[in-house]
Amino acid sequence: MTVETERLRTTVAAELDRARRRTTTLTEAVDDDDLVRQHSRLMSPLVWDLAHVGNQEELWLVRDVGGREPVRHDIDELYDAFQHARVDRPALPLLGPAEARAYVSTVRDKALDVLDAVRLDGRPLVAEGFAFGMIVQHEQQHDETMLATHQLRTGAPVLQAEPPPSARVPATGEAFIPGGPFTMGTDTEPWALDNERPAHVVDVPAFHLDVAPVTNARYAEFIDAGGYDDPRWWSEAGWAHRQRASLGAPLHWHRDGDRWVYTRFGRTTPVVPDEPVVHVCFHEAQAFAAWAGRRLPTEAEWEKAARFDPATGRARRYPWGDEDPQPRHANLGQRHLAPAPVGAYPDGASPYGVQQLIGDVWEWTSTDFHGYPGFRAFPYREYSEVFFSPEYKVLRGGSFGTDRAACRGTFRNWDYPIRRQIFAGFRCARDAEPGESA
Ligand code: AVJ
Ligand code: FE
10 MTVETERLRT TVAAELDRAR RRTTTLTEAV DDDDLVRQHS RLMSPLVWDL AHVGNQEELW
70 LVRDVGGREP VRHDIDELYD AFQHARVDRP ALPLLGPAEA RAYVSTVRDK ALDVLDAVRL
130 DGRPLVAEGF AFGMIVQHEQ QHDETMLATH QLRTGAPVLQ AEPPPSARVP ATGEAFIPGG
190 PFTMGTDTEP WALDNERPAH VVDVPAFHLD VAPVTNARYA EFIDAGGYDD PRWWSEAGWA
250 HRQRASLGAP LHWHRDGDRW VYTRFGRTTP VVPDEPVVHV CFHEAQAFAA WAGRRLPTEA
310 EWEKAARFDP ATGRARRYPW GDEDPQPRHA NLGQRHLAPA PVGAYPDGAS PYGVQQLIGD
370 VWEWTSTDFH GYPGFRAFPY REYSEVFFSP EYKVLRGGSF GTDRAACRGT FRNWDYPIRR
430 QIFAGFRCAR DAEPGESA
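Just remember that my numbering sits 9 ahead of the position in the sequence shown, which is counted from 1.
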């Protein structure tokens, strides 16, 4: 066995373990009653996510990659996300907390056995450890979903983390991104998912992009200016939704006398003015942008601002370069339970000086979720392809609750434009004037 294969196995095992520690933290923080309860109709019971993570690992690593016998042949249907809507999951005959824990641990032992035995240079599914990387990302994605469930749960706080770092540099105004082609997506990132492929050249006209995400202070100005009551700023669908859902402020915000407070993971505090706003839907982001005389960036604009290096003409893995995310680059991985104030991550800035593109809050873009030219579903249609539709908007960049394994300059997330339970905010863009260069 080569040194590289050995190193890859070690990395895979460490990443699987890191994901499992996080899953364990999220599922041991609450009692059994809380694990099986539905905290919101938008979310599964935590115990469903737990066993679903194990079931995906069983399907792909134990059965497919390993060619082993099923651990539990009888529960696939219960944990198939396409068989039962989230709202219906609490009524299913799910594995209980103890059974679910035993199940995921048995599956993990077998998956690690498979990791020791399998060649990592054979079929495309395992080349460069892809199937293992896909399962690591799947678990981390469900960990972020479980974190969103924790945010929706009521009761005493159960999660702890250090507060995010303070602002270190100014982060106001906008950056100018000159027009011209750049290579979007990737053919070379080994654990990139199918929707990030293939790499393709996109010509992006010159535009301006906010240096930082829109802050709570700025968003409160929109509220104070009556932005929620003026249909001029809203799309037709957005206004209809604003009326139907009686939107008036981000999810989790409340009035306390003449100030705003929010409740985060069970703790209620005054809204911090210079933090990125979070828990707004696409329609709110779009309305804010219109009110501000701006617009949301397209997905291609976002990625060019994040990855393009004008010095080399190359698109890099992250805004700061090709190095994997370190704590000094970005607020990722649930190290903090909130976005950091704008200006807190100068080391994560892109060559154009755009900050906090990775981490803190997912950023709504104006782009519908579709496959790139030449898209091929891999290894299953149900990860991305079945969601390609104008019904979904693309989000970029990851949040404080996104793990670095499931976040990079090419990573694409998507959701319905009315959703607010995810850790999503936004930044604004505008067209450059003809001939403008700064
Ligand atoms: C990419 C976050 C939209 O949670 O629905 C989890 C990820 N896919 N299990 C989701 C996913 C299958 C997905 N998102
Ligand atoms: Fe899943």
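Idealized CB from N, CA, C, for every residue including glycine. On a predicted model such as this, the values are computed, not experimentally measured, just so you know.
Item	Value
6 Å Cβ shell around P187 - same chain, five flanking residues per side excluded	A215
Contact test: Q150 Cβ vs the ligand AVJ heavy atom, cutoff 6 Å	yes
Under 7 Å between C-beta atoms of A353 and A176	yes
Inter-residue Cα distance where the pair is A314 and V363	7 Å
DSSP beta-bridge partners of I232	Answer is none; I232 lacks a bridge partner.
Assigned exposure category for S375 - 16 Cβ within 10 Å defines buried	buried
Those runs of the alpha helix (DSSP H) which lie wholly inside the segment 102-166 and span at least 4 residues	106-126, 139-161
First through last residue of the beta strand (DSSP E) which encompasses L404	398-405
Burial state of Q160 (16 or more Cβ within 10 Å)	buried
Buried versus exposed call for R31 [16 or more other C-beta atoms within 10 Å across all chains shown]	buried
Cβ-heavy atom distance, N340 to the ligand AVJ, below 6 Å	no
Environment of G322 [buried if 16+ CB atoms lie within 10 Å]	exposed
Alpha carbon of Q47 to alpha carbon of V12, nearest angstrom	47 Å
G406 beta carbon less than 7 Å from that of E445	no
Inter-stretch contact at 8 Å, needing at least 3 Cβ pairs: the segment 148-163 / the segment 21-37	yes
Neighbour-count burial assignment, E400, 16 or more Cβ in a 10 Å radius	exposed
Backbone CA spacing between F317 and L366 [nearest angstrom]	13 Å
CB contact flag (H288, A170, <7 Å)	no
When W242, H292, Q430, V281 are compared against A299, the one with the closest alpha-carbon	W242
Secondary structure of T192, DSSP reduced to three states	strand
Cβ neighbours of A294 in the same chain (closer than 7 Å, five flanking residues each side left out)	L305, W373, F435
Residue closest to F139, alpha-carbon to alpha-carbon, out of W248, V21, P173	V21
Residues that DSSP places opposite P279 in a beta bridge	V270
Distance between F291 and V280 (C-alpha atoms, nearest Å)	21 Å
Residue range of the beta strand (DSSP E) that includes D41	Element bounds for D41: not the beta strand (DSSP E) but the alpha helix (DSSP H), 41-45.
7 Å CB neighbourhood of D333 in its chain, flanking five on each side removed	R413
First through last residue of the beta strand (DSSP E) which encompasses V21	No beta strand (DSSP E) holds V21; the alpha helix (DSSP H) holding it covers 12-37.
Range covered by the alpha helix (DSSP H) that runs through H209	Per DSSP, H209 belongs to no alpha helix (DSSP H); it is in the beta strand (DSSP E), 209-213.
Endpoints, the beta strand (DSSP E) within which W371 is located	371-378
Same chain only: Cβ atoms within 7 Å of D356, ignoring 5 sequence neighbours per side	W329, R337, H338
Any 3 or more C-beta pairs closer than 8 Å across the segment 71-79 and the segment 96-110	no
Proximity winner among V178, M193, E153, G275, relative to V370 (alpha-carbon distances)	E153
Near the ligand AVJ: N422 beta-carbon under 6 Å from a heavy atom	yes
Beta-carbon gap between E37 and V116 smaller than 7 Å	no
Beta carbon of R98 nearer than 7 Å to that of W69	no
Backbone secondary structure at R323 - three-state DSSP	strand
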